[in-house]
Structure formats: C-alpha cells, structure tokens
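Below you'll find the structure, written out as structure tokens, and then a few comments.
There are 2 protein chains.
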Amino acid sequence: MGKNLRLKSARAAKDISQKELAETVGVTRQTINAIESGDFNPSIRLCIAICRTLNKTLDQIFWEDDGNAE
Amino acid sequence: MGKNLRLKSARAAKDISQKELAETVGVTRQTINAIESGDFNPSIRLCIAICRTLNKTLDQIFWEDDGNAE
DNA sequence: GCTATATGTAATATATATTTGGCATTAGGT
DNA sequence: ACCTAATGCCAAATATATATTACATATAGC
Chain A
575 MGKNLRLKSA
585 RAAKDISQKE
595 LAETVGVTRQ
605 TINAIESGDF
615 NPSIRLCIAI
625 CRTLNKTLDQ
635 IFWEDDGNAE
Chain B
575 MGKNLRLKSA
585 RAAKDISQKE
595 LAETVGVTRQ
605 TINAIESGDF
615 NPSIRLCIAI
625 CRTLNKTLDQ
635 IFWEDDGNAE
C-alpha cells in the first residue's frame, strides 16, 4: 500500500507534528504515523477530522487516480 | 448520526440497489444499509470504492459542512 | 393469495482499526 | 557528551467495522 505523501506534505505545510495532529483529531501518534505510512485504512470520520485540521478536503488528501499535480 | 442521503440519492440516480452496490464494492448489503442509515463510520477505502461505482468523488458523497445545494 | 425484489433492523461472530507501551534513530540546542 | 522533539516500527490488548444469518415490511407482477 502506498504512502500518503499528500498527508505528510499538508501536515508539513502547516508545521504540525504527528503528535500534535493526533491530539487535535483525538487519536494516537501511531495512528497518524500508520496512515502516512500507508499501513492501513482509517475511518472516514477520522479522515474528515484530519482534513479539517489541515484545511484540506477529502479529495485533496485521500482521493486517488485524478490530477494530483504538485 | 445523520443519514447519508447523498449516497442514497446517488445510488438511486444510477438505479442500483443496495445489494448490487454491495456486491460491486465487495461488502454485504447490511454494510451499505448501515452507511446510508448513518449507523457507522466506514473505512476510507470502502468510501472510495462506493464513490467510484457511483461516479462521484469523496467530497460529493462524504464531505460535510460546505455547499450541498441540491 | 403467492412469489420475488428491495429495504430496515437485530444478534452473534470475525477481521481489523486503534490504543498502549516500548525501543531505536535522527537532528537541534546546550 | 547530553537532552529533547520528531519520527518509524513492533507486540499485545481493546474497540469497532464488517460478515453471517435471520426476520419483518412494502411493493409489483402473476
């Protein structure tokens, strides 16, 4: 499963650590780390919470196969 | 938790039954029913599979809080 | 009235997301 | 050299998504 580099990048763009993001959305750091690593398959509500924190939408962070131009 | 009427509506627009959608995305009918009923919190991969089947994006079916004009 | 399809819902079982706790590495500051 | 923050990863425990089976209702066609 591929890494989620868009998540990692959006988090970096806001200068938020994995730990901070995790606390903000109410999960543990390991969960955020696993999502970025592509190790699993988070729930939609968690995805929505992450996107809100990073000021992105679901399509921008989790949708695949379209135009993901940098 | 609110019902997902956008999902129900998108499915109706393609004239696909809960059972057909379930088989297409590889889950059971009860799972699709529970998502439409808002009873739980599906995984992002399942959401993506549903959206692909219905020719919609994540934002169109699962994103909340923006402009959802009918 | 009978049969078939579509839907809503419930109980129990299984798979997996998520937590907890821990260890290792890297980079920065003192 | 030491300390701290940030990250990657791992094993075991817990919470919850999902499967399985089943029952009920409504509608449509025969």
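Protein chains in written order, with our numbering: chain A, 575 to 644; chain B, 575 to 644. Ideal Cβ positions, reconstructed from N, Cα and C, are used throughout, including at glycine.
Its Cα nearest to that of PHE636/A, the residue CYS621/B stands out among CYS621/B, LEU628/B, ASP613/B and THR627/B.
By the Cβ rule, the stretch 578-596 of chain B does not count as touching the stretch 613-628 of chain A, because fewer than three pairs are nearer than 8 Å. Cβ atoms of LEU579/A and THR627/A stay farther apart than 8 Å, at about 18 Å. Cβ neighbours of VAL599/A within its own chain (closer than 7 Å, five residues either side excluded): LEU620, ALA623, ILE624 and THR627. Separation of ALA608/B and ALA584/B (C-alpha to C-alpha, rounded to the nearest whole angstrom) is 16 Å. The secondary-structure analysis by DSSP pairs SER583/B with nothing; it has no beta-bridge partner.
Boundaries of the alpha helix (DSSP H) around LYS593/B: 592-599. With respect to ASP633/A, THR605/B sits apart: the two C-beta atoms are not nearer than 8 Å.
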